[in-house]
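Just so we're on the same page, the numbering used here is the position in the sequence shown counted from 1, plus 215.
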Amino acid sequence: MTGPVNRPRRLRQNPAMRRLVAETRLHPSQLVLPMFVADGIDAPQQIGSMPGVVQHTLDSLRAAAADAVTAGVGGVMLFGVPKPEDKDATGSVGARPDGILNRALSALRSDLGDDTVIMADTCLDEFTDHGHCGVLTGSGAVDNDATLRRYEELAVSQASAGAHVVGPSGMMDGQVAAIRDALDAEGFIDTTILAYTAKYASAFYGPFREAVGSSLQGDRRTYQQDPANRLESARELLADLEEGADMVMVKPAMSFLDIVRDVADRTDLPVAAYQVSGEYAMMAAAGERGWIDFDAAIDESVLSIARAGASIILTYAAPDVARRLARA
Ligand code: PBG
C-alpha cells in the first residue's frame, strides 16, 4: 500500500477531532463591545452604515450594557456624542462631569460596579467643532502638547466618573505618559491605560464618523500612522511601554493583522485589536445581500484576529459572538 505518508486530514475528520486540536480558542470574556451614547436624543438612533448598531440614550445604553454583560463580554468601550451645539474648538464638553460620556460612565459604573470592565474613549474628536483629535494652532495644525493637557483633564474626568480603563486614541506623542502622571497626581493609580499603540489613518473608520456625527474636514494623517508602515509600530510600542501603558492596541484589526502579530511578539502586555466600523459594515452589507453569511464571517474574522495575537478584541458584534461561543 502506498499513499501519502502524512495525512493532515485525519485531524479534520469530525467536529470532535477538530475541537480537540484547535490551536486558537476564544472565550466571551476576551470580547469588548464599543458603544455610542448620544446627548439630546429620546430614542436610540440606528446608525445607517452599521446595521444593528445604534446611538444609545442613557437608558438604552444601560440596558444594552447589562445585556452584553449577561452575554459574557469582558468589557465595554464608550464613545460620547454631544449635542452639535455643545461642540467647541477645545472639545470642552468631553471633560465636563455633566457631559454625555461622563454621565454614561457614572451610570454604567453604578449599575455594573466591577462586573465588567468599563472603558472610555479618551479623545477629543467627538467633542470638537473641527472634528480633530486635538486642539489646533493658529494655522490649523494639530497642536500635540496643548492637546496633552486636554487629554489629562479628560482622563481624570473619566476616572472620576467611574471608568476602569481610559483609552487614548488620538495618537499624540507622549499621551500615555501625560495621562499616567495626571491620573496618579489625582490618586487614580488603579485607572488602567489601554494605549492605542498602532492606530493607522484608515478608510475603514468611515461609518464611525457617521456614528459620532463627526465634524471632521480633511484627514488625520499628521497624527495617525501611514498604512504603509510596519516598523513604525514597533517604535510606537516601545514609546508606550516606556510611558507606562498597561495594555496596547492595534487598530484597525483586519487589514493590520501583521501588526497585531508583531506587537504580540514584542510585548508581554495584553494586546487588543479593534475590529472597526468599516470592517463591521462591509460584512453587514454583504450579509444583507446574501453574499456572505454575516455571523460566520464575523466569527471567522474575530478568530483570525485572536490567531494573529490579540487576546482582547473590540467588535461591534461582541454580544452575539459571545453568545455563540457560550453555546459552542
Ligand atoms: C477617535 C476614534 C476613532 C475610532 C475610534 N476612536 C475615529 C478616528 O480615528 O477617526 C474609530 C472606530 C471605528 O471606526 O469603529 N476617537
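Don't be surprised by glycine CBs; every beta carbon is placed ideally from N, CA and C. No experiment lies behind these values; they were computed from the predicted model shown.
8 Å CB neighbourhood of residue i in its chain, flanking five on each side removed
| i | result |
| --- | --- |
| residue 344 | 302, 303, 304 and 430 |
| residue 350 | 304, 305, 306, 339, 343, 357, 358, 361, 362 and 365 |
| residue 327 | 280, 281, 284 and 333 |
| residue 374 | 381, 398, 401, 403 and 406 |
Sequence-distant residues of the same chain with beta carbon closer than 6 Å to residue i, five excluded per side
| i | result |
| --- | --- |
| residue 378 | 320, 333 and 335 |
| residue 376 | 317, 320 and 321 |
| residue 442 | 415 |
| residue 275 | 259 |
| residue 330 | 284 |
| residue 465 | 413, 471, 474, 475, 478 and 488 |
| residue 266 | 499 |
Cutoff 7 Å; reference residue i; Cβ partners in own chain excluding five residues on either side
| i | result |
| --- | --- |
| residue 439 | 386, 414, 415 and 416 |
| residue 536 | 246, 513, 514, 517 and 530 |
| residue 226 | 232 and 236 |
| residue 382 | 292, 334, 335, 336, 337, 409 and 411 |
| residue 481 | 449 and 452 |
| residue 287 | 243, 244, 537 and 541 |
| residue 229 | none |
Cβ-heavy atom distance, residue i to the ligand PBG, below 6 Å
| i | result |
| --- | --- |
| residue 420 | yes |
| residue 251 | no |
| residue 430 | no |
| residue 342 | no |
| residue 291 | no |
| residue 491 | yes |
| residue 448 | no |
| residue 471 | no |
| residue 372 | no |
| residue 330 | no |
| residue 434 | no |
| residue 423 | yes |
| residue 384 | yes |
| residue 508 | no |
| residue 254 | no |
| residue 282 | no |
| residue 358 | no |
| residue 336 | yes |
Counted within 10 angstroms of its Cβ, other Cβ atoms place residue i as buried (16 or more) or exposed
| i | result |
| --- | --- |
| residue 298 | exposed |
| residue 550 | In the structure displayed, the chain extends from 216 to 543; residue 550 sits before or after that span and is not available. |
| residue 261 | exposed |
| residue 370 | buried |
| residue 527 | buried |
| residue 220 | exposed |
| residue 169 | The question about residue 169 has no answer here: the residues shown for the chain are numbered 216 through 543. |
| residue 432 | exposed |
| residue 390 | buried |
| residue 238 | exposed |
| residue 457 | exposed |
Nearest candidate by alpha-carbon position, reference residue i, set the options
| i | options | result |
| --- | --- | --- |
| residue 325 | 280, 230, 390 and 367 | 280 |
| residue 513 | 255, 418, 539 and 411 | 539 |
| residue 487 | 224, 247, 239 and 220 | 247 |
| residue 242 | 502, 290, 391 and 221 | 290 |
| residue 434 | 314, 445 and 419 | 419 |
| residue 255 | 394, 236 and 270 | 270 |
| residue 412 | 401, 461, 370 and 371 | 461 |
| residue 587 | 499, 449, 490 and 347 | Residue 587 is absent from the structure shown; the chain starts at 216 and stops at 543. |
| residue 402 | 383, 372, 410 and 422 | 372 |
| residue 428 | 288, 278, 294 and 231 | 294 |
| residue 257 | 217, 272, 250 and 509 | 272 |
| residue 310 | 249, 367, 300 and 250 | 367 |
| residue 421 | 341, 218, 524 and 492 | 492 |
The ligand GTP heavy atom lying under 6 Å from the CB of residue i
| i | result |
| --- | --- |
| residue 441 | For the ligand GTP, the structure offers nothing, since it holds only the ligand PBG. |
(request) Within the segment 412-479, note down every full beta strand (DSSP E) run reaching 3 residues or more, in order along the chain. (result) With a minimum length of 3 residues, the continuous beta strand (DSSP E) runs that stay inside the segment 412-479 are 462-466.
(request) Starting from the N-terminal side, write out each stretch of the alpha helix (DSSP H) that is 4 residues or longer and does not extend beyond the segment 239-294. (result) If you keep only unbroken alpha helix (DSSP H) runs of at least 4 residues inside the segment 239-294, you get 273-286.
(request) Kindly provide the ranges of any beta strand (DSSP E) runs that are 3 or more residues long and lie completely inside the segment 316-385, ordered along the chain. (result) Within the segment 316-385, the complete beta strand (DSSP E) runs of at least 3 residues are 332-337 and 380-383.
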